[in-house]
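A.B. asks: First the structure, then my questions, so here it is.
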Ligand code: ARG
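Take a look at the structure:
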């Protein structure tokens with residue numbers, strides 16, 4: 127493609143941009159992410175210009191045809207991104223039109239528009255797509271978690287605080303906890319999507335245009351639900367990017383923590399889970415190895431996304447209101463965040479799907495643990511009239527004695543009676559049946575009375591409820607995608623009407 131020597135905007139400047147400066151300045155490489163968005167936004171703008179009578183139908187038709195052929199060339203991989211030739215995709219696209227149909231007609235494309243509202247638009251369009259992809263991948267992962275939770279409804283396991291045995295629960299409880307994490311991540315993404323889905327086009331450089339642009343119309347043609355109304359705000363603000371980045375960073379931190387658990391649980395010491403072979407890595411020297419490298423990378427990539435979020439915030443904090451070129455630097459940061467988040471969700475879904483849980487090992491550890499200690503203390507509150515602190519002290523002393531004698535808590539009833547003399551000065555005992563009920567790891571989940579606990583009934587209720595929530599979230603996502611497709615169809619029809627007329 128031919129460009130005016132030195133670029134299409136440089137009439138005020140005596141010389142072309144110096145080569146190294148051009149390479150430093152150009153955003154063309156990262157603009158590959160918004161190539162089609164730029165064409166789409168330009169098409170909607172031109173359709174609106176035509177409808178408003180700002181440019182003639184014939185001219186609009188020729189511009190639209192040029193845009194469509196550029197889209198085809200791009201999709202066929204025929205467009206070269208020459209950084210020293212173009213400052214960005216916006217210049218490339220306009221230069222292409224000018225080279226095809228000349229400046230007399232092609233030069234009307236940018237009427238009433240600035241690269242400032244144009245780039246804000248492109249980023250919003252791309253981010254909208256990115257958020258919907260993440261939305262879908264997040265639901266896929268949550269579906270897998272729910273599926274596995276359904277299989278492991280009553281798989282006994284110890285749950286941890288400080289990486290020490292805390293309380294007995296079910297594996298399903300752990301899996302469902304992450305479904306809830308993800309559902310909140312989704313709430314954040316949905317709220318953010320709403321603010322991303324506002325059209326800045328028509329803001330012009332920053333203070334609007336003297337031409338009768340129809341802003342609601344371009345917004346409609348591009349499937350936006352609202353306008354980024356104030357023209358200065360529309361070109362200047364990037365908080366929608368930060369919000370998306372932050373939502374992704376939080377989500378990545380969740381995935382990282384899950385990955386960390388699974389790394390730990392796949393160690394020989396825990397032996398709770400095993401990765402399927404196709405998701406594990408070998409060692410170049412130790413033949414016995416089965417390394418959870420994938421999960422370690424999830425942790426590291428989460429760290430990277432956190433860093434990128436900081437980079438984004440730092441690049442914005444000093445930008446004076448309006449547009450400054452600093453804002454260009456925010457784009458590749460966001461693209462990387464979106465891509466890391468999407469790929470991590472996908473990989474984690476495969477991991478969750480393929481994990482082999484070692485139920486026996488989990489049950490064995492739970493059975494041998496003292497993780498029913500809280501439950502025993504609560505039994506003493508309910509059935510022996512002790513205060514919680516008295517019960518806590520008594521069970522603590524009992525466990526100390528039991529450990530010394532290597533007996534499990536279930537077998538320590540006489541030790542409890544002995545300990546009570548020492549700790550409380552009176553003999554405290556529980557009926558045998560009660561003692562057994564509240565110290566048996568197998569029986570204890572059914573004793574939990576609180577909402578949201580791993581009581582089997584609660585587990586079933588939560589499973590059902592979260593399934594419904596995921597189904598609703600899926601429908602909402604479908605609705606959003608449908609809405610965008612509808613707008614796309616509308617724009618296509620308008621383009622056809624103009625080009626064929
Ligand atoms: N490449 C620029 C960016 O990504 C486009 C906007 C340029 N605007 C300007 N006034 N120089 O932000």
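Numbering (the numbering used here), first residue to last: 127 to 627.
Each residue gets a CB set at the ideal place from its N, CA and C atoms; glycine is no exception.
How many angstroms separate the CA atom of residue 192 from the CA atom of residue 619?
C.D. replies: Their backbone Cα atoms lie some 17 Å apart in a straight line.
A.B. asks: Quick one: using the 10 Å Cβ neighbour count with 16 as the cut-off for buried, is residue 241 buried or exposed?
C.D. replies: Buried, by the Cβ-count rule.
A.B. asks: Which residues in the same chain have their Cβ closer than 6 Å to the Cβ of residue 697, if we skip the five residues on either side of it in sequence?
C.D. replies: Outside the modelled stretch of the chain, which goes from 127 to 627, sits residue 697, for which no answer is possible.
A.B. asks: I believe residue 133 touches residue 217 by the beta-carbon criterion, under 8 Å. Please report the beta-carbon distance rounded to the nearest angstrom.
C.D. replies: Right, the Cβ-Cβ distance comes to about 6 Å (below 8 Å), so this counts as a contact.
A.B. asks: Identify which residue in 347, 367, 340 has its Cα closest to the Cα of residue 355.
C.D. replies: For residue 355, the nearest C-alpha among the options comes from 340.
A.B. asks: Residue 412: buried (16+ other C-beta within 10 angstroms of its C-beta) or exposed?
C.D. replies: The residue is exposed, with fewer than 16 neighbouring Cβ atoms inside 10 Å.
A.B. asks: What does the alpha-carbon distance come out to for the pair residue 470 and residue 524?
C.D. replies: Answer to the nearest angstrom: the Cα atoms are 46 Å apart.
A.B. asks: Which same chain residues, not among the five before or five after residue 260, have their C-beta less than 6 Å away from its C-beta?
C.D. replies: Cβ within range, chain order: 467, 468.
A.B. asks: From which residue to which residue does the alpha helix (DSSP H) around residue 135 run?
C.D. replies: Run containing residue 135: none; DSSP gives neither H nor E here.
A.B. asks: According to DSSP, is residue 360 part of a helix, a strand, or is it coil?
C.D. replies: Three-state DSSP puts residue 360 in a helix.
A.B. asks: Which first and last residues belong to the alpha helix (DSSP H) in which residue 578 is found?
C.D. replies: Run containing residue 578: none; DSSP gives neither H nor E here.
A.B. asks: Residue 606: buried (16+ other C-beta within 10 angstroms of its C-beta) or exposed?
C.D. replies: By the 10 Å Cβ count, residue 606 comes out buried.
A.B. asks: DSSP three-state label for residue 295, please.
C.D. replies: Three-state result, residue 295: strand.
A.B. asks: Which residues share a DSSP beta bridge with residue 350?
C.D. replies: According to DSSP, which records beta bridges pairwise, residue 350 is partnered with nothing at all.
A.B. asks: Going straight from the alpha carbon of residue 359 to that of residue 368, what length do you get?
C.D. replies: When rounded, the distance between both Cα atoms is 15 Å.
A.B. asks: Go ahead and pull the three-state DSSP assignment for residue 283.
C.D. replies: Correct three-state label for residue 283: strand.
A.B. asks: Heavy atom of ligand 1 less than 7 Å from the Cβ of residue 150, yes or no?
C.D. replies: No, the beta carbon of residue 150 sits no closer than 7 Å to any heavy atom of ligand 1.
A.B. asks: In terms of residue numbering, what span does the alpha helix (DSSP H) encompassing residue 246 cover?
C.D. replies: Its alpha helix (DSSP H) spans residues 241 to 277.
A.B. asks: Could you check whether the Cβ of residue 453 sits closer than 7 Å to any heavy atom belonging to ligand 1?
C.D. replies: Yes.
A.B. asks: How long is the line joining the alpha carbons of residue 553 and residue 487, rounded to whole angstroms?
C.D. replies: Rounded to whole angstroms, residue 553 to residue 487 spans 37 Å at the Cα level.
A.B. asks: Starting from residue 437, trace the alpha helix (DSSP H) in both directions and tell me its first and last residue.
C.D. replies: It spans 419 to 442 - the alpha helix (DSSP H) in which residue 437 sits, taken as one unbroken run.
A.B. asks: Look at residue 349 and residue 609 and say whether their C-beta atoms are less than 8 Å apart.
C.D. replies: In this structure, residue 609 lies closer than 8 Å to residue 349 by Cβ.
A.B. asks: Quick one: using the 10 Å Cβ neighbour count with 16 as the cut-off for buried, is residue 398 buried or exposed?
C.D. replies: Residue 398 is buried by the Cβ-count criterion.
A.B. asks: Hey, would you say the C-beta of residue 245 is under 7 Å away from at least one heavy atom of ligand 1?
C.D. replies: Within the cutoff, so yes.
A.B. asks: Return the residue from the list 343, 295, 296, 374 that minimises the CA-CA distance to residue 318.
C.D. replies: Considering only alpha carbons, the answer is 374.
A.B. asks: Inspect the beta-carbon positions of residue 170 and residue 344 and report whether they are closer than 8 Å.
C.D. replies: Going by C-beta atoms, residue 170 is nearer than 8 Å to residue 344.
A.B. asks: Assign residue 546 to one of three DSSP states: helix, strand, or coil.
C.D. replies: Of the three classes helix, strand and coil, the one that applies to residue 546 here is helix, per DSSP.
A.B. asks: Would you identify the three-state DSSP class for residue 324, choosing helix, strand or coil?
C.D. replies: Correct three-state label for residue 324: strand.
A.B. asks: Looking only at its own chain, which residues have a Cβ that is under 8 Å from the Cβ of residue 164, when we skip the five neighbours before and after it?
C.D. replies: Within the same chain, residue 164 has close Cβ partners 157, 215, 216, 219, 244, 248.
A.B. asks: Would DSSP call residue 553 helix, strand or coil?
C.D. replies: Residue 553 falls in the coil class under three-state DSSP.
A.B. asks: Kindly confirm or deny that the segment 568 to 577 and the segment 542 to 549 touch, where touching means at least three C-beta pairs closer than 8 Å.
C.D. replies: They do not touch, by the three-pair rule.
A.B. asks: Would a C-beta distance cut-off of 8 Å place residue 257 and residue 370 closer than the cut-off?
C.D. replies: Yes.
A.B. asks: Hey, could you find the ends of the alpha helix (DSSP H) residue 476 is sitting in?
C.D. replies: Segment 452 to 480, the alpha helix (DSSP H) holding residue 476.
A.B. asks: Can residue 214 be considered in contact with ligand 1, in the sense that its beta carbon sits closer than 7 Å to one or more heavy atoms?
C.D. replies: Within the cutoff, so yes.
A.B. asks: What distance in whole Å lies between the Cβ atoms of residue 437 and residue 473, which are believed to be in contact at a cut-off of 8 Å?
C.D. replies: About 23 Å separates the two Cβ atoms, so there is no contact after all.
A.B. asks: How big is the Cα-Cα spacing for residue 615 and residue 161?
C.D. replies: Computed Cα separation, rounded: 19 Å.
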